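Enquirer:
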Amino acid sequence: NRVVVFISGGGSNMVALADACASPGFPAEIVAVISDKATAGGLARAAERGIATHVFERRSYTGKAEHEAAILDALNALSPDIICLAGYMRLLSGEFIKRHEGRILNIHPSLLPLFPGLHTHQRAIDAGMMIAGCTVHFVTEGMDEGPIVAQSVVPIVPGDTADSLAARVLTVEHRTYPQALRLLAEGAVGMGADGRVERKAYV
Ligand code: GRF
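The number in full-length UniProt numbering is simply the position in the sequence shown, starting from 1, with 5 added.
1. Look at the Cβ atom of Val-144, then the Cβ atom of Leu-110, and state whether they are nearer than 8 Å.
2. With DSSP collapsed to three states, give me the class of Pro-183.
3. Going by Cα to Cα distance, which pick from Leu-116, Ala-167, Pro-121 and Ala-190 is closest to Glu-178?
4. In terms of residues, what are the limits of the beta strand (DSSP E) holding Asn-111?
5. Looking at Ile-87: is its Cβ nearer than 8 Å to the Cβ of Ile-39?
6. Quick one: Cα of Asn-18 to Cα of Met-94, how far?
7. Roughly how many angstroms lie between the CA atoms of Asn-6 and Lys-103, to the nearest whole one?
8. Given Ile-56, which residues of its chain have a CB within under 6 Å of its CB, disregarding the five upstream and five downstream residues?
9. Helix, strand or coil for Leu-117? Go by DSSP, reduced to three states.
10. What distance in whole Å lies between the Cβ atoms of Leu-22 and Leu-186, which are believed to be in contact at a cut-off of 8 Å?
11. Which same chain residues end up closer than 7 Å to Ile-161 when comparing Cβ atoms and leaving out the 5 residues on each side of it in sequence?
12. Say the cut is 7 Å; is the CB of Ser-169 nearer than that to a heavy atom of the ligand GRF?
13. Alpha carbon to alpha carbon, what distance is there between Gly-14 and Thr-44?
14. In the DSSP assignment, the alpha helix (DSSP H) including Gly-46 goes from what residue to what residue?
15. Nearest CA to the CA of Glu-71: which residue from Pro-29, Phe-101, Met-196 and Arg-180?
16. Tell me, please, which residues DSSP counts as bridged to Thr-140.
17. Looking at the secondary structure, which residues open and close the alpha helix (DSSP H) in which Ser-17 lies?
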C-alpha cells in the first residue's frame with residue numbers, strides 16, 4: 006500500500022508511521038510527505054529517512070481551490086492507496102475528500118466524539134475528565150467526525166497541565182496510528198456505504 010502523509014508541523018506522528026512502515030512485513034510504505042508549510046519540522050525528518058517531500062504553501066495560491074488542485078495534481082502522480090493526515094492543520098474540502106473517501110485517515114488528540122476541534126487537552130482537564138486519549142478516524146466532510154478506526158486511552162492525573170497531558174497522549178498516538186494504518190492496509194477495516202466502519206474478518 007502506497008501511503009502519502011500530510012503534515013503541518015513537527016511530524017512526530019509521520020515519524021512513527023515511517024518507522025512502522027520500515028519494519029519488515031508491514032503492509033504499507035510511505036511514498037511521500039506533503040506539507041502546507043515550508044517551515045514544518047517534519048519535512049527534514051522525512052528527508053533524512055529518504056522520503057520524498059512536497060510543499061504547498063497556502064499563501065502561494067490565490068484560493069483554497071487552487072491550493073487543493075495543486076495538491077491533488079501531486080497526488081495523481083503519487084497515486085496513493087492511503088492518505089494519512091498527521092498534525093495537518095487544514096480542513097480538506099468535500100470535493101477533495103470525495104476523490105479519496107474511505108482512504109483518508111486522521112489522528113485527533115481526544116476520545117472523539119468528545120472534544121472535536123482545538124485545545125482538546127485543556128478542555129478535557131477543564132471538564133474534570135479522568136481519562137483522555139486519541140482517535141484515528143476516516144476523514145469525512147465534517148471536521149473530526151468520521152467513522153472511528155482506533156482509539157487509545159491515557160489517565161488524566163492530578164496536577165496535569167495541557168502540556169503534560171499532551172505529551173502523554175502524543176506517546177499513545179505514536180502507537181495507535183501505525184496500528185490503525187495496518188488495519189486499513191490489510192483490509193481489516195473499511196468505510197462502509199452507510200458511513201460506518203466495517204470491521205472485516207481479519208484478512
Ligand atoms: C499533536 O497535537 C497531535 O496530537 C496532533 O497534531 C499535533 C502535532 O502532531 N495529531 P505531530 O507531532 O506533527 O505529528
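Ideal Cβ placement from N, Cα and C applies to all residues, glycine included. Keep in mind that this is a model prediction, so the values were computed, not measured.
Expert: Well, looking at it:
1. For the purposes of this step, residue 144 is taken as the residue at position 139 of the sequence shown. For the purposes of this step, residue 110 is taken as the residue at position 105 of the sequence shown. Closer than 8 Å, so yes.
2. Working through the sequence shown from its first residue, we reach residue 183 at position 178. Note: Pro-183 maps to helix in three-state DSSP.
3. Start at 1 with the first residue of the sequence shown, and residue 178 comes out as number 173. It is Leu-116.
4. If you number the sequence shown from 1, residue 111 lands on position 106. Per DSSP, Asn-111 is one residue of the beta strand (DSSP E) stretching across 109-113.
5. Stepping through the sequence shown from its first residue, residue 87 is reached at position 82. Stepping through the sequence shown from its first residue, residue 39 is reached at position 34. In this structure, Ile-87 lies away from Ile-39, with their beta-carbon atoms at least 8 Å apart.
6. Counting from one through the sequence shown, the residue named residue 18 turns up at place 13. Counting from one through the sequence shown, the residue named residue 94 turns up at place 89. A straight-line Cα-Cα distance of about 13 Å links Asn-18 and Met-94.
7. Within the sequence shown, numbered from 1, the residue matching residue 6 stands at position 1. Within the sequence shown, numbered from 1, the residue matching residue 103 stands at position 98. Answer to the nearest angstrom: the Cα atoms are 20 Å apart.
8. Here residue 56 corresponds to residue number 51 of the sequence shown, with the count starting at 1. If we look at Ile-56 and ignore the five residues flanking it on each side, its Cβ neighbours are Ile-35 and Val-38.
9. Sequence index remark: in the sequence shown, residue 117 carries index 112 (1-based). Coil.
10. Translated into positions along the sequence shown, residue 186 becomes position 181. Translated into positions along the sequence shown, residue 22 becomes position 17. Contact between Leu-186 and Leu-22 holds: CB atoms are separated by about 6 Å, below the 8 Å threshold.
11. Translated into the one-based positions of the sequence shown, residue 161 becomes position 156. Taking C-beta separations shorter than 7 Å and ignoring five residues to either side along the sequence, the partners of Ile-161 in its chain run Ala-129, Ile-130, Met-134, Met-135, Ile-136, Ala-137 and Leu-170, following chain order.
12. Translated into positions along the sequence shown, residue 169 becomes position 164. Not one heavy atom of the ligand GRF sits closer than 7 Å to the Cβ of Ser-169.
13. Within the sequence shown, residue 44 is the residue found at index 39, counting from 1. Within the sequence shown, residue 14 is the residue found at index 9, counting from 1. One C-alpha to the other measures close to 8 Å.
14. On the sequence shown, residue 46 is found 41 positions in, with the first residue counted as 1. Its alpha helix (DSSP H) spans residues 46-52.
15. As a working mapping, residue 71 is identified with position 66 in the sequence shown. For Glu-71, the nearest C-alpha among the options comes from Phe-101.
16. To locate residue 140, count along the sequence shown from 1; it is residue 135. DSSP lists His-113 and Gln-156 as the beta-bridge partner residues of Thr-140.
17. Taking the sequence shown and counting its residues from 1, the one referred to as residue 17 is at position 12. Element bounds for Ser-17: 17-27.
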